[in-house]
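Colleague: Below you will find the structure I want to go over with you.
Protein chains in written order, with my numbering: chain A, 545 to 914; chain B, 15 to 394.
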């Protein structure tokens with residue numbers, strides 16, 4: 545009774561306080577980066593003795609691999625540079641940098657300051673690294689919306705970037721990939737798209753974790769599915785639909801976190817979205833799961849294509865576990881910004897296939913005594 | 015002495031992440047108790063779990079569960095005989111009634127296999143085989159059945175694809191069973207193409223890893239009110255359970271022995287249906303051949319031709335979907351088999367119904383026959 549009572553109150557308040565939606569903020573610039581190397585999943589299967597059936601069901605063909613001279617910080621820099629180019633703002637105007645990753649080069653020492661310094665944003669800025677498995681970058685995005693709307697800062701930079709780790713030979717290795725996505729958040733005026741509303745849904749669900757001194761994460765196999773990924777995304781999206789009064793059919797695009805090619809399509813269909821709404825936001829089938837950049841790169845790819853007035857649903861997910869759901873509306877200002885930086889499609893097309901040996905070298909799987 | 019099955023409780027085999035072994039046990043126990051009307055008169059709890067100390071870090075699970083479900087004060091005992099635990103528990107319950115140590119025994123079979131990652135469960139399942147000869151060498155849980163399957167195929171010149179009709183039949187039966195874990199149909203040609211566990215055994219040749227619980231109330235003639243079925247006889251036998259030690263590994267010696275004992279004390283002709291221990295595809299034909307239901311080397315052909323199925327001649331085998339597709343929560347499985355058989359006989363089974371089912375045979379073994387149990391259930 546209590547639960548139904550609260551839902552009823554929530555519905556009444558949501559309708560009565562229609563004008564209290566938000567807070568709102570604008571996406572001024574967006575950018576992505578995908579390293580050039582691609583490892584076909586068949587290479588992993590060949591080395592570890594997996595049958596093709598083991599990876600074919602994942603709906604992923606190749607995964608993007610960062611080179612020896614790349615890490616989550618260098619990729620974040622590339623993506624953020626593209627986002628700032630599209631935002632057409634002075635980097636110094638950025639008052640907060642939130643860097644979401646689970647593969648930071650330093651356990652202690654912020655990576656956000658390295659990125660901020662390289663981009664010319666420092667010194668009058670907030671800068672911190674966020675941790676929430678794959679949705680840390682999204683937590684940064686949602687925080688910036690509030691900070692911009694409150695007037696604490698004028699612009700902020702949210703980045704999701706990962707060189708995802710996986711224990712060699714574990715099923716996780718098939719999809720753990722590298723990539724970055726970044727967004728310049730600012731006032732609604734002159735923005736390319738406006739984040740009209742957002743919701744976050746988190747619980748203590750240990751589906752995937754890595755202890756501080758461990759090189760690779762552990763996961764609860766099937767437990768990462770229904771009780772984690774599906775439960776949290778479904779609840780976040782339903783709460784957003786309830787809050788905004790929108791229906792799945794009202795959106796032109798729906799983007800979900802993409803641990804593989806199968807899960808986002810399954811969760812989307814379950815929520816009432818069609819494959820037509822989802823196909824433009826899918827990147828994992830081509831490059832694997834870029835963790836913090838996974839859903840955010842899907843958003844970057846959709847913004848590369850979206851027309852003024854179109855509506856986007858975005859739902860990142862992070863293990864441990866939680867999901868955000870955003871309602872984003874595209875504005876007239878988007879068109880003039882699209883060509884100011886390379887698109888996600890440009891990075892998807894730019895690729896060099898490598899074998900497991902080269903991948904091992906690039907990702908330091910081979911131990912070398914120096 | 016004949017004993018009676020009164021109430022039964024079943025839960026769907028699956029990944030019950032949110033429920034502990036005690037929760038699962040309580041659910042099915044309450045369902046069974048509800049059917050008999052009241053808990054009064056239950057004077058013994060026989061629990062059946064093989065992995066509780068390993069998955070749930072719990073010893074004396076029977077003692078803790080009896081208090082947990084509100085039966086503090088009754089006597090309680092856990093029975094462990096590996097995969098045969100469930101039918102061993104029913105057998106102990108029957109002995110308690112026969113010796114007038116109890117009048118009404120609640121038997122609960124419950125097992126969790128998903129408390130940890132599957133690699134840990136696979137390690138634990140190695141323990142079903144002789145540890146000196148198997149787990150000591152880290153030999154996988156499907157290895158013995160794989161060797162047996164290869165030997166069977168070579169000895170009788172049976173094709174791998176012919177054997178694949180068994181898992182397909184089990185999936186088609188389980189589709190109708192609301193308590194089954196794998197409720198989807200598969201075509202026989204998919205079996206050999208699925209992931210290899212231990213060549214020639216593939217994923218679709220093996221039982222799925224799932225949690226489950228089943229309960230039955232076993233009553234003596236003096237106290238029974240509304241029985242679903244009666245357990246006429248249970249027999250069991252130990253065996254070598256090691257294929258390399260047997261003169262004839264293609265017959266389960268302990269099962270043959272137990273079945274002979276049962277035949278000597280009860281009429282085992284005209285069986286309408288059976289629930290058998292098909293942990294791996296190969297185990298099913300060897301069970302059928304061990305008890306003489308098929309000529310040696312011929313069971314796979316009969317299965318492929320449609321015998322033992324809903325459209326074939328009686329007995330119908332594994333209307334539940336068997337271990338293969340209903341699922342195999344190790345210590346709970348035997349209790350599932352007895353509960354399903356009792357419902358089948360009383361006409362209340364919610365899956366595939368056997369026409370005019372009066373007599374059912376339940377077969378349960380551990381590993382490849384270190385222990386074998388056979389039970390005959392009949393209509394009242």
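Glycine included, each C-beta is placed from N, C-alpha and C at the ideal position. Just so it is clear, the structure is predicted and the values come from calculations on it, not from any experiment.
Under DSSP, the beta strand (DSSP E) around residue 197 of chain B begins and ends at which residues?
Modeller: That residue, residue 197 of chain B, is in no beta strand (DSSP E); it is neither H nor E in DSSP.
Colleague: Count Cβ pairs between the stretch 378-389 of chain B and the stretch 154-165 of chain B that sit closer than 8 Å; are there 3 or more?
Modeller: Short answer: they touch.
Colleague: In this structure, how does DSSP classify residue 560 of chain A when only helix, strand and coil are distinguished?
Modeller: Its pLDDT being 47, under 50, residue 560 of chain A is placed unreliably in this model, and the coordinates cannot settle the point.
Colleague: If contacts are defined as beta-carbon pairs under 8 Å, then residue 659 of chain A and residue 643 of chain A qualify, I think. What distance do you get, rounded to the angstrom?
Modeller: Residue 659 of chain A to residue 643 of chain A, Cβ: 6 Å. Contact.
Colleague: So the candidates are A:663, A:900, A:844; which of them puts its Cα closest to the Cα of residue 825 of chain A?
Modeller: Ranking the options by Cα distance to residue 825 of chain A, first place goes to A:844.
Colleague: Residue 669 of chain A bridges to which residues according to DSSP?
Modeller: DSSP, once it has assigned bridges, lists no residue as partnering residue 669 of chain A.
Colleague: Measuring only between beta-carbons, confirm whether residue 27 of chain B sits less than 8 Å from chain A.
Modeller: Residue 27 of chain B does not count as touching chain A.
Colleague: What residues from the stretch 737-750 of chain A come within 9 Å of chain B, judged by C-beta to C-beta, listed N to C?
Modeller: Answer in chain order: no residues at all.
Colleague: Which residues bound the alpha helix (DSSP H) around residue 44 of chain B?
Modeller: It spans 35-50 - the alpha helix (DSSP H) in which residue 44 of chain B sits, taken as one unbroken run.
Colleague: Report the three-state DSSP secondary structure of residue 141 of chain B (helix, strand or coil).
Modeller: Here residue 141 of chain B sits in coil by DSSP.
Colleague: Given a cut-off of 8 Å on the beta-carbon distance, is the pair residue 227 of chain B and residue 124 of chain B in contact?
Modeller: Yes. Within cutoff.
Colleague: Sorted by chain position, which residues of the same chain lie with C-beta nearer than 7 Å to residue 338 of chain B's C-beta, five sequence neighbours on each side aside?
Modeller: Cβ within range, chain order: 181, 184, 221, 292.
Colleague: Whose Cβ in chain C lies nearer than 9 Å to the Cβ of residue 209 of chain B?
Modeller: Among the protein chains of the structure shown, namely A and B, there is no chain C.
Colleague: When burial is assigned at 16 or more other CB atoms within 10 Å of the CB, is residue 674 of chain A buried or exposed?
Modeller: Result: buried.
Colleague: With a CB to CB cut of under 7 Å and the five nearest residues on each side skipped, what residues in its chain are close to residue 713 of chain A?
Modeller: Only 592 meet the Cβ criterion.
Colleague: Beta carbon of residue 119 of chain B, beta carbon of residue 111 of chain B: below 8 Å?
Modeller: Yes, they are a contact pair.
Colleague: Please confirm if the stretch 891-901 of chain A is in contact with the stretch 849-864 of chain A, defined as three or more CB-CB distances below 8 Å between the two stretches.
Modeller: Contact fails: fewer than three Cβ-Cβ distances are below 8 Å.
Colleague: Of all the beta strand (DSSP E) runs that stay within the bounds of the stretch 572-607 of chain A, which reach a length of 3 or more residues?
Modeller: For the stretch 572-607 of chain A, whole beta strand (DSSP E) runs of length 3 or above, ordered along the chain, are 581-584.
Colleague: Would a check of beta-carbon distances place residue 17 of chain B closer than 8 Å to chain A?
Modeller: It does not; no Cβ of chain A falls within 8 Å.
Colleague: Mind checking if residue 132 of chain B is an interface residue toward chain A, Cβ cutoff 8 Å exclusive?
Modeller: It does: the Cβ of residue 132 of chain B has a partner Cβ on chain A nearer than 8 Å.
Colleague: Within the continuous alpha helix (DSSP H) that includes residue 373 of chain B, where are the two ends?
Modeller: Here residue 373 of chain B belongs to no alpha helix (DSSP H); instead the beta strand (DSSP E) covers 373-380.
Colleague: Which same chain residues, not among the five before or five after residue 284 of chain B, have their C-beta less than 7 Å away from its C-beta?
Modeller: Taken in chain order, the residues that qualify are 373.
Colleague: I want to see whether chain B comes within less than 8 Å of residue 761 of chain A, judged by CB atoms only; does it?
Modeller: No, no contact with chain B.
Colleague: Kindly say whether residue 860 of chain A, judged by its beta-carbon, lies nearer than 8 Å to any beta-carbon of chain B.
Modeller: No, residue 860 of chain A does not count as interfacial toward chain B.
Colleague: Go ahead and label residue 612 of chain A buried or exposed: buried means 16 or more other beta carbons lie within 10 angstroms of its beta carbon, across all protein chains shown.
Modeller: With fewer than 16 other Cβ atoms within 10 Å, it is exposed.
Colleague: Do residue 232 of chain B and residue 19 of chain B have their C-beta atoms closer together than 8 Å?
Modeller: Going by C-beta atoms, residue 232 of chain B is nearer than 8 Å to residue 19 of chain B.
Colleague: With DSSP as the reference, identify every bridge partner of residue 820 of chain A, one or two as the case may be.
Modeller: Beta-bridge pairing links residue 820 of chain A to no other residue.
Colleague: Using three-state DSSP, classify residue 545 of chain A as helix, strand or coil.
Modeller: Caution is warranted here: a pLDDT of 43 is assigned to residue 545 of chain A, below 50, making its placement in the model unreliable, and no coordinate value can be reported.
Colleague: So, with DSSP's three-state summary, where would you put residue 891 of chain A?
Modeller: Helix, per DSSP.
Colleague: With distances taken from CA atoms, which of B:95, B:73, B:107, B:39 is nearest residue 84 of chain B?
Modeller: The option with the nearest alpha carbon to residue 84 of chain B is B:39.
Colleague: Under 6 Å Cβ to Cβ from residue 310 of chain B, same chain only, skipping five residues before and after it: list those, please.
Modeller: The answer, listed in chain order, is 303.
Colleague: Let me know the secondary structure DSSP gives residue 751 of chain A once reduced to three states.
Modeller: Residue state, collapsed to three classes: coil.
Colleague: Give me, in chain order, the residues of the same chain whose beta-carbon lies closer than 8 Å to that of residue 367 of chain B; leave out the 5 immediate sequence neighbours on both sides.
Modeller: Cβ within range, chain order: 333, 358, 361.
Colleague: Quick check on DSSP: helix, strand or coil for residue 312 of chain B?
Modeller: Looking at residue 312 of chain B - three-state DSSP - the assignment turns out to be coil, as it is neither helix nor strand.
Colleague: How big is the Cα-Cα spacing for residue 12 of chain B and residue 206 of chain B?
Modeller: Because residue 12 of chain B is not part of the residues shown, which for chain B are 15 to 394, the question remains open.
Colleague: Who pairs with residue 502 of chain A in a beta bridge, going by DSSP?
Modeller: The structure shown has nothing for residue 502 of chain A, since chain A only spans 545 to 914.
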